[in-house]
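Single-structure report; data block below.
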Amino acid sequence: MADAQAASLSDTARVRIVSIPGSLSQPRNAVVVLPSGYHASARRYPVLYLLHGYGGGHRNWMDRTNLLAYTARLPLIVVMPDAGNSWYANSAARPEERFEDYVAKDVPAFADQHFRTLTFREARYVAGLSMGGYGALKLGLKYPARFSLAGSFSGAPLAARDTFPSLAAIFGPAGSASRAENDLLALVRDVRVPDPSYFYIDSGNADRLLVSNREFVQAISARPLAYEYHEVPGAHSWEFWNRRLPVFLALVEERIARLPAGRD
Numbered sequence: 019m020a021d022a023q024a025a026s027l028s029d030t031a032r033v034r035i036v037s038i039p040g041s042l043s044q045p046r047n048a049v050v051v052l053p054s055g056y057h058a059s060a061r062r063y064p065v066l067y068l069l070h071g072y073g074g075g076h077r078n079w080m081d082r083t084n085l086l087a088y089t090a091r092l093p094l095i096v097v098m099p100d101a102g103n104s105w106y107a108n109s110a111a112r113p114e115e116r117f118e119d120y121v122a123k124d125v126p127a128f129a130d131q132h133f134r135t136l137t138f139r140e141a142r143y144v145a146g147l148s149m150g151g152y153g154a155l156k157l158g159l160k161y162p163a164r165f166s167l168a169g170s171f172s173g174a175p176l177a178a179r180d181t182f183p184s185l186a187a188i189f190g191p192a193g194s195a196s197r198a199e200n201d202l203l204a205l206v207r208d209v210r211v212p213d214p215s216y217f218y219i220d221s222g223n224a225d226r227l228l229v230s231n232r233e234f235v236q237a238i239s240a241r242p243l244a245y246e247y248h249e250v251p252g253a254h255s256w257e258f259w260n261r262r263l264p265v266f267l268a269l270v271e272e273r274i275a276r277l278p279a280g281r282d
C-alpha cells in the first residue's frame with residue numbers, strides 16, 4: 019500500500035519536495051502532489067492543504083496512506099507542509115516561530131507563486147489529522163476568506179484548553195489572550211463572518227478524542243455554521259485515516275465540480 023508510494027516519492031512526475039520560507043526561524047519542507055496531466059496543460063487547479071499530526075511531518079500522508087491513488091483522477095493539487103509539533107499556532111514563547119501565519123499565509127503564497135493554482139477561496143481547502151485536524155478547524159474558523167472547506171480527521175479540537183505544561187509554551191498560560199486566540203470553542207462562539215467555511219468532522223467510536231469531538235460538534239451546531247459530522251467505527255490510527263481520506267476527497271470533488279469556469 020503506502021510502502022510502494024514511499025519508494026516512488028522522489029521519481030514520480032506528480033510529486034515535488036519543496037522548501038518553503040516564511041514566518042519561521044528557518045524554511046520547512048513540504049510535499050506537493052500534482053494532478054495527473056499537470057505538465058501537459060496550462061490549466062490552473064484548486065488546492066488542498068493537508069496537515070500532519072503531532073510527532074509527524076510532511077511525508078506522513080504520502081508514506082502512510084493511499085493518497086496518490088486516491089487523487090490520481092482528481093484535478094487537484096495537494097500541499098503537505100511540515101509544522102513540527104507546533105499545533106499550527108504562533109508560539110507564545112518563541113515569537114520567531116509563527117506556524118499559524120506560516121500555514122495560513124506563507125504556504126499558500128508559495129504554492130500560488132510556484133504552481134498553477136486557483137487562488138480564490140472556493141478553490142482552497144484545508145484538512146488534517148489529530149493535531150492537524152485541530153489546525154485545519156482553526157484555519158477554517160479564523161480564515162474563511164482563504165479556505166472554503168476545513169476537514170478534521172480524529173481532531174483534537176479542545177487542545178488549547180488542555181493544561182499540559184508543554185502546551186503553555188505554545189498557547190501561553192491559561193486565561194491569556196494567546197490562549198483565547200487558539201481556543202476553538204471561543205472562536206466558534208465569536209463567529210461573525212457572512213460566509214464562513216464549511217466544516218467536515220469525523221471521529222472513530224474508539225478514539226480517545228471522541229468526547230472532545232462531540233463537544234466541539236455540539237458547540238458548532240449552536241452557531242450559524244454549516245458542517246457534517248461522521249462518528250464511525252475506528253480508532254486513532256492510520257488505518258482509520260486512510261479509510262476516511264477518500265470520503266473527504268469525495269466532498270472536495272463535489273466542490274471542484276461547482277467551481278466557476280474561467281476564473282483564476
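The working numbering numbers the first residue of the sequence shown as 19 and each following residue consecutively.
Every residue gets a Cβ at the ideal spot worked out from N, C-alpha and C, and that includes glycine.
Q.
Let me check understanding here. Comparing Cα to Cα, which of L147, H132, P126 lies closest to A141?
A. P126
Q: Evaluate I35 with the Cβ neighbour count: other Cβ atoms within 10 Å of its Cβ, from every protein chain shown; 16 or more gives buried, anything less gives exposed.
A: exposed
Q: Just mark H132 as buried or exposed, buried being the case when its beta carbon has 16 or more other beta carbons within 10 Å.
A: exposed
Q. So, A168 versus Y218, is the Cβ gap smaller than 9 Å?
A. yes
(Q) On the criterion of 16 or more Cβ atoms from any shown chain inside 10 Å, does D207 qualify as buried, or is it exposed? (A) Checking the displayed sequence, the identity of residue 207 turns out to be Arg instead of Asp. Exposed, because fewer than 16 other Cβ atoms sit within 10 Å of the Cβ of R207.
Q. Is the beta carbon of S170 sitting closer than 9 Å to the one on A187?
A. no
Q.
For a test of the three-state rule: what should DSSP assign to L159, helix, strand or coil?
A. helix
Q.
For the pair the stretch 94-111 and the stretch 145-165, tell me if three or more CB-CB distances fall below 8 Å.
A. yes
(Q) The alpha helix (DSSP H) that contains D130, what's its start and end? (A) 125-132
**Q.** Between the CA atoms of R82 and G102 - distance to the nearest angstrom
**A.** 17 Å
Q: Decide if P212 is buried, meaning its Cβ has at least 16 other Cβ atoms within 10 Å, or exposed.
A: exposed
(Q) Going by DSSP in three states, G40 sits in which element: helix, strand or coil? (A) coil
**Q.** Paired residues, beta bridge with V65 - DSSP
**A.** I95, R142
**Q.** Per-residue burial, V270 [other beta carbons within 10 Å of its own, 16 or more giving buried]
**A.** buried
Q: Give me the Cβ distance between R116 and L185, rounded to the nearest whole Å; I'm assuming they're in contact under 8 Å.
A: That pair is no contact at about 17 Å.
Q.
Suppose contacts are defined by Cβ-Cβ distances below 9 Å. Is T135 in contact with Y88 by that definition?
A. no
Q. Taking S196 as the reference, which of A110, D130, D100, R273 has the closest Cα?
A. A110
Q: Rank I95, R46, W79 by C-alpha distance to the C-alpha of L52 and give the top, closest one.
A: I95
Q. Helix, strand or coil: how does DSSP classify G153 here?
A. helix
Q. Assuming P162 and S215 make a contact with CB atoms under 8 Å, what is their CB distance in whole Å?
A. 5 Å
Q: Kindly indicate the opening and closing residues of the beta strand (DSSP E) around Y247.
A: 245-250
Q | Rounded C-alpha distance that separates E249 from S194 | A | 33 Å
(Q) Using DSSP's beta-bridge definition, name the partner residues of T135. (A) Y63
Q. Alpha carbon to alpha carbon, what distance is there between P242 and A224?
A. 29 Å
Q.
If we require 3 or more residues per run, which beta strand (DSSP E) segments fall completely within the stretch 162-229?
A. 167-171, 216-222
Q. Quick one: what's R77 bridged to in DSSP?
A. Its beta-bridge partners do not exist; DSSP assigns none.
Q: Work out the CA separation of Q236 and P99 for me, nearest whole Å.
A: 30 Å
Q) If you count every other CB in all the chains shown that lies within 10 Å of the CB of V229, and 16 or more means buried, which is it? A) exposed
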